[in-house]
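Enquirer: I have a structure here, written as structure tokens, and I will follow up with some questions on it.
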Ligand SMILES: [Zn+2]
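Numbering (my numbering), first residue to last: 209 to 541.
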């Protein structure tokens with residue numbers, strides 16, 4: 209196994225995604241662990257526990273997928289459904305900057321706390337799951353949509369890859385709210401959300417240079433096409449899928465053991481190779497300037513209706529809760 213740098217097991221290894229590939233099994237993947245970043249995105253919203261839990265899952269999934277973008281670009285994950293959590297929106301922007309929000313039935317506020325063991329399928333209900341990839345250069349923006357039919361978020365993503373990209377995929381997402389020891393001068397001790405995840409994909413002849421594959425693995429795909437013709441990788445994939453499924457939630461959530469150790473523990477027989485990691489942090493890109501440019505799309509009559517008692521128009525960013533109070537003069541075109 210190769211690792212980029214030596215890691216010790218005393219410093220928490222948090223808020224990062226590590227891509228890897230399995231030399232002996234023609235598969236690639238990414239492993240993720242989020243602590244402060246997911247807590248910072250969720251923490252500002254004061255959502256009921258089931259909503260925070262589900263949105264944390266969506267953030268973890270979007271980070272796993274978005275981190276395949278290397279130098280620029282954005283990924284948006286969105287659900288629209290008829291369940292108690294009727295909308296999730298997560299933005300990922302290179303280099304690992306994330307924000308998210310949810311819309312939900314206010315009755316959920318009374319839902320009993322269930323030790324973080326919620327059922328994402330029943331929280332979501334029926335509707336659709338969409339991934340939008342904006343590569344940020346001259347390449348076209350792409351959107352793929354799959355139906356959510358009483359499906360978990362990870363089930364929907366696996367289905368998305370099977371259907372839109374013809375890539376066999378294993379996905380595990382874990383979220384918990386646990387007691388976390390604060391860091392001096394940075395974060396207080398207390399209950400906080402943490403998450404982890406594992407994505408493994410078969411590198412078949414299908415697919416392409418999309419969000420599903422690290423750039424580094426695309427070269428391997430051309431080699432894999434030869435072996436595919438020579439008899440296929442089905443056996444390799446079945447073995448890797450079996451090994452991946454042995455990962456336990458606590459292994460993905462524990463902040464201390466280096467993620468490389470977990471990869472080695474899971475896949476040591478497959479000759480696992482680790483690629484450079486991506487750090488994840490909470491960051492919203494809203495600003496007064498951007499808000500003004502969006503508001504200038506409204507007609508003068510529409511803006512007049514939004515003016516409040518103080519004579520200004522008040523806008524709150526749904527992602528981060530920032531307030532912008534704009535005077536009608538600022539919105540003149
Ligand atoms: Zn914002």
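All residues carry an ideal CB built from backbone N, CA and C; glycine is no exception.
With DSSP run on the structure shown, which of helix, strand or coil describes residue 388?
Expert: DSSP places residue 388 in strand when its eight states are reduced to three.
Enquirer: Examine ligand 1 and report whether any of its heavy atoms sits within less than 6 Å of the Cβ of residue 378.
Expert: No, Cβ of residue 378 sits at least 6 Å from all heavy atoms of ligand 1.
Enquirer: How about residue 264 and residue 250: are their beta carbons less than 7 Å apart?
Expert: Contact flag set, yes.
Enquirer: Would you please state the rounded distance, in angstroms, between the beta carbons of residue 229 and residue 481? I believe it to be under 8 Å.
Expert: Confirmed, about 5 Å.
Enquirer: Under a criterion of Cβ closer than 5 Å to any non-hydrogen atom of ligand 1, which residues qualify, in chain order?
Expert: Counting every residue whose Cβ lies closer than 5 Å to a heavy atom of ligand 1, we get 492, 494, 525, 527, 528 and 530.
Enquirer: Between residue 317 and chain B, is any beta-carbon pair separated by less than 7 Å?
Expert: Checking the listed chains, one finds no chain B in this structure; it contains a single protein chain.
Enquirer: Assuming contact is defined by CB atoms lying nearer than 7 Å, are residue 333 and residue 290 in contact in what I supplied?
Expert: It is a contact, given that the beta carbons lie within the stated cut-off.
Enquirer: Confirm, please, whether the CB-CB distance from residue 356 to residue 337 is below 7 Å.
Expert: Taking 7 Å as the Cβ cut-off, residue 337 and residue 356 qualify as a contacting pair.
Enquirer: Taking the Cβ atom as the reference point for each residue, do residue 310 and residue 259 lie within a distance shorter than 7 Å?
Expert: Yes, Cβ-Cβ distance for residue 310 and residue 259 is below 7 Å.
Enquirer: Here's the rule: buried if 16 or more other CB atoms are within 10 angstroms of the residue's CB, otherwise exposed. What is residue 398?
Expert: Exposed is the call here.
Enquirer: Based on DSSP bridge pairs, tell me the residues matched to residue 295.
Expert: Beta-bridge pairing links residue 295 to 288 and 311.
Enquirer: Confirm, please, whether the CB-CB distance from residue 444 to residue 234 is below 7 Å.
Expert: Yes. Within cutoff.
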